[in-house]
Amino acid sequence: ENEVAQSRALGYEFAKVWMHNGMLRFTGEKMSKSLGNVETIEGVLDRWGVETTLLFFLTAHWHSPIDFSDDTMEQARAQWTTLSNAFVLDEQTDAGPEWDELVAVLDDDFNTPAALALMHEWRRVRNLDLLRNALEIFGLAPPDAEAPDRIRVLAGLRQEARQQRDFTESDRLRAEIEAAGWEVRDEAGGYRLVRAG
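Residue numbers (this note's numbering): 302 to 498.
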């Protein structure tokens with residue numbers, strides 16, 4: 302409340318909603334300068350990226366403690382890869398939970414772990430419209446949602462070539478994708494397509 306009072310005294314509205322997350326721990330210990338286990342926002346974003354970092358924070362309920370470690374960040378990265386790779390094949394259905402269920406879990410004390418579970422269910426049943434909309438609520442847009450069909454097909458063929466250990470073909474397909482202005486970023490469990498630049 303003090304932050305609200307201070308900002309209003311200066312003539313500004315601070316925020317409509319104020320949530321304080323639970324304690325951020327570093328591999329099980331309190332994160333603090335005195336313990337020397339502090340990570341900067343810039344360092345985390347440089348190492349893990351925006352999407353992985355956002356997803357990491359969504360995995361815990363906002364008022365619960367959350368443990369920051371390489372393992373938990375790798376888990377968040379794997380979740381982001383899984384969710385974003387759902388858009389590679391772009392096979393759409395209307396199956397799965399309804400949008401109202403997402404609204405209900407977010408209305409229930411902003412239950413982001415339950416929201417993530419719904420997103421994974423939409424990914425599983427290929428309801429990409431609802432998955433895309435849910436990701437966008439949290440500032441997570443699928444990185445390859447804009448990639449043209451031709452580029453997505455080439456990326457899929459490249460992934461198959463890599464799995465068959467045909468690295469010559471994989472490299473050729475990567476070069477073709479890059480020549481078209483896209484970049485393939487290999488990640489644990491798959492890849493991402495991003496606009497080169």
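A virtual CB, placed ideally from N, CA and C, is assigned to each residue, including glycine.
Keep in mind it's a predicted model, so treat the numbers as computed, not measured.
Counting along the chain, the unbroken beta strand (DSSP E) around Asp487 starts and ends at Trp483 to Glu488. Gly329 is positioned such that its CB atom lies no closer than 8 Å to that of Asp371. Counting along the chain, the unbroken beta strand (DSSP E) around Val495 starts and ends at Gly491 to Arg496. Pairing Gly397 with Glu422 gives a Cβ-Cβ distance under 8 Å.
The Cβ-Cβ distance between Gly440 and Leu355 falls below 8 Å.
In chain order, His362 and Val406 place their CB closer than 7 Å to the CB of Asn412, counting only its own chain and leaving out the 5 sequence neighbours on each side. In its chain, beyond the 5 residues on either side, Thr382 and Asn386 have a beta carbon closer than 6 Å to the beta carbon of Gly491. As a beta-bridge residue in DSSP terms, Phe327 pairs with Glu330 and Phe369.
Counting only unbroken stretches of 3 or more residues, the beta strand (DSSP E) elements lying wholly within the region 350 to 430 are 367 to 369, in sequence order.
In this structure, the straight-line span from the alpha carbon of Ser333 to that of Thr341 is close to 11 Å. Residues Thr382 of the same chain have their beta carbon placed closer than 6 Å to that of Glu488, with the five preceding and five following residues left out of the count.
Rounded to whole angstroms, Val454 and Ala379 show a C-alpha spacing of 22 Å. In the three-state scheme derived from DSSP, where H, G and I count as helix and E and B as strand, Asn338 is classed as coil.
Note on Thr353: 16 or more other CB atoms within 10 angstroms of its CB, so buried under the neighbour-count rule. Rounded to the nearest angstrom, the Cβ distance from Ala481 to Ser471 is 16 Å, too far for a contact under 8 Å. For Arg473, the uninterrupted alpha helix (DSSP H) run begins and ends at Phe468 to Ala480, by DSSP.
In the DSSP assignment, Gln465 falls outside any alpha helix (DSSP H) and carries neither an H nor an E. For Asn428, same chain residues with a beta-carbon under 7 Å away, outside a window of 5 residues either side, are Thr394, Asp395, Ala396 and Gly397 in chain order.
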